[in-house]
Amino acid sequence: MRNIGRRGAVALGVTGLVAPLTLALGAAPAQAASSCTTSTGPYQKQVEKFLGRPVDGRQSSADCKAIQAFQTRHGITPNIGYAGSVTWGVMDLMNKQKAVGKNPNKSGKCPVNKGRIACVDLTLQLSWIQDGKKLVYGPVPVRTGRDGYETRTGLKKIYWRDIDHVSSLYHVSMPYSQFFDGGQAFHSVGVSMWNPPGSHGCVNMTKTDAKKYWSLLRNGDDVFIYGRKPGT
Numbered sequence: 001m002r003n004i005g006r007r008g009a010v011a012l013g014v015t016g017l018v019a020p021l022t023l024a025l026g027a028a029p030a031q032a033a034s035s036c037t038t039s040t041g042p043y044q045k046q047v048e049k050f051l052g053r054p055v056d057g058r059q060s061s062a063d064c065k066a067i068q069a070f071q072t073r074h075g076i077t078p079n080i081g082y083a084g085s086v087t088w089g090v091m092d093l094m095n096k097q098k099a100v101g102k103n104p105n106k107s108g109k110c111p112v113n114k115g116r117i118a119c120v121d122l123t124l125q126l127s128w129i130q131d132g133k134k135l136v137y138g139p140v141p142v143r144t145g146r147d148g149y150e151t152r153t154g155l156k157k158i159y160w161r162d163i164d165h166v167s168s169l170y171h172v173s174m175p176y177s178q179f180f181d182g183g184q185a186f187h188s189v190g191v192s193m194w195n196p197p198g199s200h201g202c203v204n205m206t207k208t209d210a211k212k213y214w215s216l217l218r219n220g221d222d223v224f225i226y227g228r229k230p231g232t
């Protein structure tokens, strides 16, 4: 796709920018508050523990408000404070990401014989840059392709970069775009990295991380993507 215009449409790389920023990025939630449910969800205890609430397995008004705030922060709908599978799935992924620490390539799945390479673990929704066995940057949470728009796995190369890319098809900004497989690229978005269900194939990043990737990577650099995003 080398003939893509500078501001041309890249259908597979565009994300629906409809959810609020995570509070970690300093933005106020954009979703309107919904009524709180009184129902106890199937993952009540796990969600209570994650949020630092008293773990009794029974929904309370305070539980609901805490769960609802988390849902609103990360664009989980309906944001009614119910401890269901989607909400717990996001929390469980966060726990697994945190457990990785500073050794994201412990399994050795991302090649260490390529020099500088950007790695993407779809299963854990993490990305990092390494040089041989040395960790250069990351790991950072990312948001990859949803079911039906999966981010393609395998060894790729960055072939085109556009710092101010805009999709003419979806009319959304894709800052710091670095394309590595057709219309799939690293780029920043203004939504939580845990906002379900995911992108249309691109590897979404926070602005801070996308800017750092922009500064560290160049055309011709390798990208290795492996694993499988939960729910795809």
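Take the sequence shown: its position 39, counted from the start at 1, is 39 in the working numbering, and no numbers get skipped. Cβ atoms here follow ideal geometry from the backbone N, Cα and C, with glycine treated the same way.
Annotated three-state conformation of Arg146 is coil, per DSSP. Judged by beta-carbon spacing, Asp221 lies beyond the 8 Å limit of Val140, meaning their Cβ atoms are not closer than that value. Between the beta-carbon of Gly201 and that of Tyr137 there is about 23 Å, and that puts the pair past the 8 Å contact cut. When rounded, the separation of the alpha-carbon atoms in Ser167 and Val86 is 29 Å. Relative to Tyr176, the option among Gly182, Gly183, Asp164, Gln184 whose CA is nearest is Asp164. Lys156 counts as buried, since at least 16 other C-beta atoms from the protein chains shown sit within 10 angstroms of its C-beta.
Straight-line measurement puts the Cα of Ala62 at about 11 Å from the Cα of Thr37.
For a cut-off of 8 Å, the C-beta gap from Phe186 to Val203 is around 5 Å, short enough to register as a contact. In the DSSP secondary-structure assignment, Gln130 is bridged to Ile117, Leu135.
Residue environment analysis places Asp121 among the buried positions, since at least 16 neighbouring C-beta atoms fall within 10 angstroms of its C-beta.
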